[in-house]
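Peer 1: Read in UniProt numbering, the sequence shown has 154 at position 154, and its numbers run on one by one without any break.
Attaching a single structure in structure tokens format; questions to follow.
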Amino acid sequence: MDAGIQNHTEHFVHDISNPSASGLCSEMLEVAEEACRAGDFDLAVEIYSSQLADLQQPDRGLCLRKADALARGGRIAEALDSYCIAANIHRFKPEELKLLVENIARTIRVKGLIESKHFTGEGRTKPSGNGGICSDGDEFDTNQPLDPFSCRLCNCLLLEPTTLVCGHTFCKRCLEDEDAVVNDCICCRCKINKCSSQTNTNGFRINVVLSGVLEKWFHVESTSRRYWLEGERLWKTQDLFSALEKYDKAVELELMLLKRILGRLQQTSV
């Protein structure tokens with residue numbers, strides 16, 4: 001668990017709006033708080049859901065506690081629903097959204113680590129959330145299915161694709177990441193010459209043709225990813241509301257894409 005998030009949560013527990021409301025059980029709420037401290041967020045969510053079901057009117061503080069537990073458990077979509085219920089009761093304060101933003105960013109980093117796990121192991125450097133790198137002893141996993149539109153550093157859809165002299169393509173930002181300096185192509189171990197013709201005053205040159213193809217055929221996915229990255233940048237500068245807005249736009253685009261795919265699947269099954 002991220003220690004920073006854990007400590008922040010332990011010092012900030014949303015107040016129950018009406019502690020004397022019929023149906024609330026203080027003992028169960030204490031159990032839920034203890035479950036959160038122990039990292040059992042599913043149990044906490046179950047308790048908060050049960051308590052909310054026993055109330056005639058939703059309690060804003062209880063909705064926020066449930067939302068926080070969902071967010072800390074990585075269930076971001078469900079957490080957003082609970083946050084929306086709380087927002088309908090009363091507008092947010094800045095500190096009430098900080099945990100959501102932190103956990104969205106954390107979820108992205110963890111996802112990146114999981115998707116890049118084939119780059120980890122003995123003698124290897126674990127990848128960062130911004131795109132992992134391997135040490136000199138690593139070899140590219142040839143058993144991995146090849147996807148010409150994915151970056152081998154972050155395992156996401158290519159954004160501002162840059163094709164190296166060796167022919168392999170990565171995201172421009174992954175190659176220029178200051179936290180994970182990339183000196184060799186992880187696919188073929190070819191040395192990357194950052195002073196060659198493949199770079200200019202603005203860094204690595206973008207593959208204009210491939211960039212155009214991605215923008216045409218994966219416009220929604222590309223736009224969604226740009227929103228995610230903008231959200232990460234804003235989160236790092238503590239501009240939490242703007243970051244949340246970018247994350248929300250990214251989620252909306254992904255949901256729109258999923259609905260479109262489901263619609264096509266339903267049509268083909270008829």
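Just so it is clear, CB atoms sit at the ideal spot from N, CA and C, and this is done for glycine as well.
Fair warning: this is a prediction, and the values are worked out from it, not measured in the lab.
Cα separation between residue 247 and residue 73?
Peer 2: Residue numbering aside, residue 247 sits at position 247 when the sequence shown is read from its first letter. Residue numbering aside, residue 73 sits at position 73 when the sequence shown is read from its first letter. Using only the alpha carbons, I get a separation of about 18 Å.
Peer 1: Roughly how many angstroms separate the alpha carbons of residue 223 and residue 66, rounded to a whole number?
Peer 2: Locating residue 223 in the sequence shown gives position 223, counting from the first residue. Locating residue 66 in the sequence shown gives position 66, counting from the first residue. Roughly 31 Å between the two C-alpha positions.
Peer 1: Given a cut-off of 8 Å, decide if residue 149 and residue 176 are closer than it, judged by their beta-carbon atoms.
Peer 2: Counting from 1 along the sequence shown, the entry for residue 176 is found at position 176. Counting from 1 along the sequence shown, the entry for residue 149 is found at position 149. Not closer than 8 Å, so no.
Peer 1: Can you give the beta carbon distance from residue 166 to residue 158, rounded, assuming they're within the 8 Å contact cut?
Peer 2: In the sequence shown, the residue the question calls residue 166 occupies position 166. In the sequence shown, the residue the question calls residue 158 occupies position 158. Not a contact, Cβ separation roughly 16 Å.
Peer 1: My assumption, with CB atoms under 8 Å, is that residue 220 sits in contact with residue 257. Please give the rounded CB distance.
Peer 2: Reading the sequence shown from its first residue, position 220 is the one you call residue 220. Reading the sequence shown from its first residue, position 257 is the one you call residue 257. Yes, residue 220 and residue 257 are in contact; Cβ-Cβ is about 5 Å, under 8 Å.
Peer 1: Out of 164, 64, 173, point me to the one whose CA is closest to residue 154's CA.
Peer 2: Position 154 of the sequence shown, counted from the start, is the residue given in the question as residue 154. Cα-wise, what sits closest to residue 154 is 173.
Peer 1: Can you name, in chain order, every residue of its own chain whose Cβ lies under 7 Å from the Cβ of residue 44, other than the five neighbours on each side?
Peer 2: As a first step, residue 44 is located in the sequence shown; it is residue number 44 there, counting from the start. Spatial neighbours of residue 44 in its own chain (CB-CB distance under 7 Å, excluding positions within 5 residues in sequence) are listed in chain order as 32, 35, 36, 69.
Peer 1: Could you tell me if residue 144 is buried or exposed, where buried requires 16 or more neighbouring beta carbons within 10 angstroms of its beta carbon?
Peer 2: Position 144 of the sequence shown, counted from the start, is the residue given in the question as residue 144. Low confidence applies here, because residue 144 scores a pLDDT of 47, under 50, leaving its location unreliable and the question unanswered by this model.
Peer 1: How many Å lie between residue 47 and residue 178 at the Cα?
Peer 2: Here residue 47 refers to the residue found at position 47 of the sequence shown. Here residue 178 refers to the residue found at position 178 of the sequence shown. Straight-line measurement puts the Cα of residue 178 at about 44 Å from the Cα of residue 47.
Peer 1: Output needed for residue 17: all residues of its chain with C-beta closer than 7 Å, excluding positions within five of it in sequence on either side, in chain order.
Peer 2: The residue you call residue 17 lines up with position 17 of the sequence shown. Excluding residues within five positions, the ones whose Cβ falls inside 7 Å are 59, 60, 61.
Peer 1: Would you please state the rounded distance, in angstroms, between the beta carbons of residue 186 and residue 152? I believe it to be under 8 Å.
Peer 2: Within the sequence shown, the letter at position 186 stands for residue 186. Within the sequence shown, the letter at position 152 stands for residue 152. At roughly 6 Å, the Cβ-Cβ gap stays under 8 Å, so residue 186 and residue 152 are in contact.
Peer 1: Taking the C-alpha atoms as reference points, what is the distance between residue 272 and residue 231?
Peer 2: A query on residue 272 cannot be resolved here, the shown segment of the chain reaching from 1 to 270 and no further.
Peer 1: Whole angstroms are fine: how far does the CA of residue 245 sit from the CA of residue 238?
Peer 2: Reading the sequence shown from its first residue, position 238 is the one you call residue 238. Reading the sequence shown from its first residue, position 245 is the one you call residue 245. One C-alpha to the other measures close to 13 Å.
Peer 1: My guess is that residue 29 and residue 51 are in contact by the Cβ rule of under 8 Å, so how many angstroms apart are they, rounded?
Peer 2: As a first step, residue 29 must be located in the sequence shown, where it is residue number 29. As a first step, residue 51 must be located in the sequence shown, where it is residue number 51. The pair is a contact, with the Cβ atoms about 7 Å apart (cut-off 8 Å).
Peer 1: Would you call residue 217 buried or exposed, if buried means 16 or more other Cβ atoms sit within 10 Å of its Cβ?
Peer 2: Translated into the one-based positions of the sequence shown, residue 217 becomes position 217. Exposed, since its Cβ has fewer than 16 Cβ neighbours within 10 Å.
Peer 1: Could you give the DSSP three-state label for residue 203: helix, strand or coil?
Peer 2: Stepping through the sequence shown from its first residue, residue 203 is reached at position 203. Looking at residue 203 - three-state DSSP - the assignment turns out to be strand.
Peer 1: Let me know the alpha helix (DSSP H) ranges lying completely inside the stretch 212-252, each 4 residues or longer, listed in chain order.
Peer 2: 219-236
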